[in-house]
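Each remark here refers to the structure printed beneath this line.
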Amino acid sequence: MSADHLDADEQGIHLACPKCQQANRIPFARLHLKGKCGSCKTALPHPALPVEIDSSAAFTALVRSASLPVLVDFWAPWCGPCRMVAPEVTKLAGLAAGELLVAKVNTETQPGIAGSMRIRSIPTFAVFVGGREIERSSGGSSAIQLRDFALQAARQAEGRS
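Counting along the sequence shown from 1, when you hit position 134 you're at 1013 in this note's numbering, and nothing is skipped either side.
So this is what it looks like as structure tokens:
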């Protein structure tokens, strides 16, 4: 686990207990709930950092199974606009904890995901609800604008179901 992002695998997000620092896996399908540490039973907070996606399997499992809307930031380390918006993406994860999940896909290390999603420019932000991409936007935005964009897309998706 890193100080600036959370990790995930095909089953869920890895979250450290704020009390004992024990690693806990929060299943994607239970992201809307507050869990308890498996070791000390302390209540776990909602994920408040972006989740770094490092495999196609983890990406697919996340967008298919997440019980919250997912905003994915497709970015690359060499991209100036991506670096400029990164603090806002981190801020968004804390601001929207429990409402939506913020994930990051590095298009340099995950070209398969970027290709399958037809990412043509970065940064690109995509909102997923119920396994489907609902909306997409490119370019920089503030944390508030990104939150509004993602939640509005999620509300529209619920209206279509």
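Positions of the beta carbon are idealized from the N, C-alpha and C atoms, including for glycine.
Nothing here was measured: the structure is a model prediction, and the numbers come from that model.
| query | result |
| --- | --- |
| Whether Lys898 touches Glu931 by CB criterion (7 Å) | no |
| Cβ-Cβ distance between Leu971 and Ala1022 below 7 Å | yes |
| Distance CB(Phe907)-CB(Leu941) smaller than 7 Å | yes |
| Rounded C-alpha distance that separates Ala1029 from Ala882 | 24 Å |
| Close Cβ partners of Phe1007 (< 6 Å) along its chain, the five nearest in sequence each way excluded | Val942 and Val949 |
| Buried/exposed call for Glu967, threshold 16 Cβ in 10 Å | buried |
| Per DSSP, cross-strand counterpart(s) of Thr988 | None; Thr988 has no bridge partner. |
| Host alpha helix (DSSP H) of Arg962 (start-end) | Gly959 to Leu974 |
| Assigned secondary structure, Ala1032 (DSSP; H/G/I helix, E/B strand, else coil) | helix |
| Boundaries of the alpha helix (DSSP H) in which Arg904 is found, first to last residue | Note, Arg904: premise wrong, no alpha helix (DSSP H); beta strand (DSSP E) at Ala902 to Pro906. |
| Distance CB(Ile892)-CB(Trp954) smaller than 7 Å | no |
| Check whether Ala895 and Ala887 have beta carbons under 7 Å apart | no |
| Ala922 in three-state terms, based on DSSP | strand |
| Neighbour-count burial assignment, Arg962, 16 or more Cβ in a 10 Å radius | exposed |
| Per-residue DSSP class, three states only, for Leu979 | coil |
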